[in-house]
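Every letter in the sequence shown is one number past the one before it in UniProt numbering, and letter 180, counting from 1, is 180.
Ideal Cβ positions, reconstructed from N, Cα and C, are used throughout, including at glycine.
Below is one structure, written out as structure tokens; comments come after it.
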Amino acid sequence: MRILVVEDEKDLRNIIKKRLVREHYSVDACGDGEEALDYMEMTSYDGVLLDIMLPGKDGFAVLKEVRQMGNDTPILLLTARDGIEDRVKGLDLGADDYLIKPFAFEELLARIRVMMRRKPQFVTNQLKIADLTLDRDTRIVTRAGKEISLSSKEFMVLECLMRNQNIVMTRQQIEQNAWNYDYEGGSNVIDVYIRYLRKKIDAGYEKKLIHTVRGTGYVMREE
Numbered sequence: 001m002r003i004l005v006v007e008d009e010k011d012l013r014n015i016i017k018k019r020l021v022r023e024h025y026s027v028d029a030c031g032d033g034e035e036a037l038d039y040m041e042m043t044s045y046d047g048v049l050l051d052i053m054l055p056g057k058d059g060f061a062v063l064k065e066v067r068q069m070g071n072d073t074p075i076l077l078l079t080a081r082d083g084i085e086d087r088v089k090g091l092d093l094g095a096d097d098y099l100i101k102p103f104a105f106e107e108l109l110a111r112i113r114v115m116m117r118r119k120p121q122f123v124t125n126q127l128k129i130a131d132l133t134l135d136r137d138t139r140i141v142t143r144a145g146k147e148i149s150l151s152s153k154e155f156m157v158l159e160c161l162m163r164n165q166n167i168v169m170t171r172q173q174i175e176q177n178a179w180n181y182d183y184e185g186g187s188n189v190i191d192v193y194i195r196y197l198r199k200k201i202d203a204g205y206e207k208k209l210i211h212t213v214r215g216t217g218y219v220m221r222e223e
């Protein structure tokens, strides 16, 4: 899943980004409201962590503009201000949740998981197709009850395919879901990870789940 972190305190922004990446999220980060709007216009995110006190356009202004555009991406507000008025204002403008600084990172992760479940495609923390199951909370993947060890990027690519099962995904779409803007990779990187996943997910099983659509990309489906 891809998350945008909007925080003007550089050290905190970097810490949040590193911790989320460690939890297998794909993360972009910026430090002001205008840049945040640019990111959200160019990319579809699964969630946004939005600081209120930002230079230029503050978090409230960004939130208001995003919702007026019809963008329903889940947004969690981060702020050092704990007044009830701010919390009410943020929620009335369309925020999904509100977290006061300083906060425990474990609580942030829990709130992100809850926030994601409010989207129709995230009503459960488990993704399943045939006898393959992926648990986003525990990061455990099993097939026919057997646990499969995946690297962080393998997990992200598989999650992208399972979230969009029966939908043909181009290499670019998969890459956008599994990598951030800092990534500089070769054109065949998705093919490489698909090959890794096939060895771990499909090898040894009669029913293959990862399929190539020539000239387009890949699709995960049960045939």
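>> DSSP three-state label for isoleucine 148, please.
In response: strand
> From what residue to what residue does the beta strand (DSSP E) around arginine 143 run?
Replying inline: 140-143
> What is the DSSP secondary structure of alanine 29, counted as helix, strand or coil?
Replying inline: strand
> Could you give the distance in angstroms between the alpha-carbon of methionine 53 and the alpha-carbon of methionine 42?
Replying inline: 23 Å
> Measuring CB to CB, does threonine 79 end up less than 7 Å from valine 48?
Replying inline: no
>> Rounded to whole angstroms, what is the Cα-Cα separation between glycine 145 and aspartate 131?
In response: 8 Å
> Are the Cβ atoms of valine 5 and alanine 36 separated by less than 7 Å?
Replying inline: no
> histidine 211 bridges to which residues according to DSSP?
Replying inline: Val219
> According to DSSP, is arginine 2 helix, strand or coil?
Replying inline: strand
>> Given this structure, state the Cα-to-Cα distance separating asparagine 14 from valine 192, to the nearest angstrom.
In response: 29 Å
>> Helix, strand or coil for residue 226? Go by DSSP, reduced to three states.
In response: Lying outside 1 to 223, the shown extent of the chain, residue 226 is not represented and no answer is given.
> Using the rule of at least 16 other Cβ atoms within 10 Å of the residue's Cβ for burial, across every protein chain shown, is glutamate 175 buried or exposed?
Replying inline: buried
>> Here's the rule: buried if 16 or more other CB atoms are within 10 angstroms of the residue's CB, otherwise exposed. What is tyrosine 218?
In response: buried
>> Considering Cα atoms alone, identify which of Arg19, Asp135, Glu7 and Glu106 is closest to lysine 57.
In response: Glu7
>> Assuming the contact rule is C-beta atoms closer than 8 Å, asparagine 177 and arginine 221 should be a hit. Round their C-beta distance to whole Å, please.
In response: Contact flag wrong, Cβ pair sits at about 18 Å.
> When DSSP builds the beta bridges, which residues end up paired with lysine 153?
Replying inline: None, per the DSSP bridge assignment.
> Would a C-beta distance cut-off of 7 Å place isoleucine 75 and alanine 95 closer than the cut-off?
Replying inline: yes
> If you draw a straight line from the C-alpha of lysine 153 to the C-alpha of histidine 24, how long is it?
Replying inline: 8 Å
> Quick one: what does DSSP say glycine 204 is sitting in, helix, strand or coil?
Replying inline: coil
> For leucine 37, which of helix, strand or coil comes out of DSSP?
Replying inline: helix
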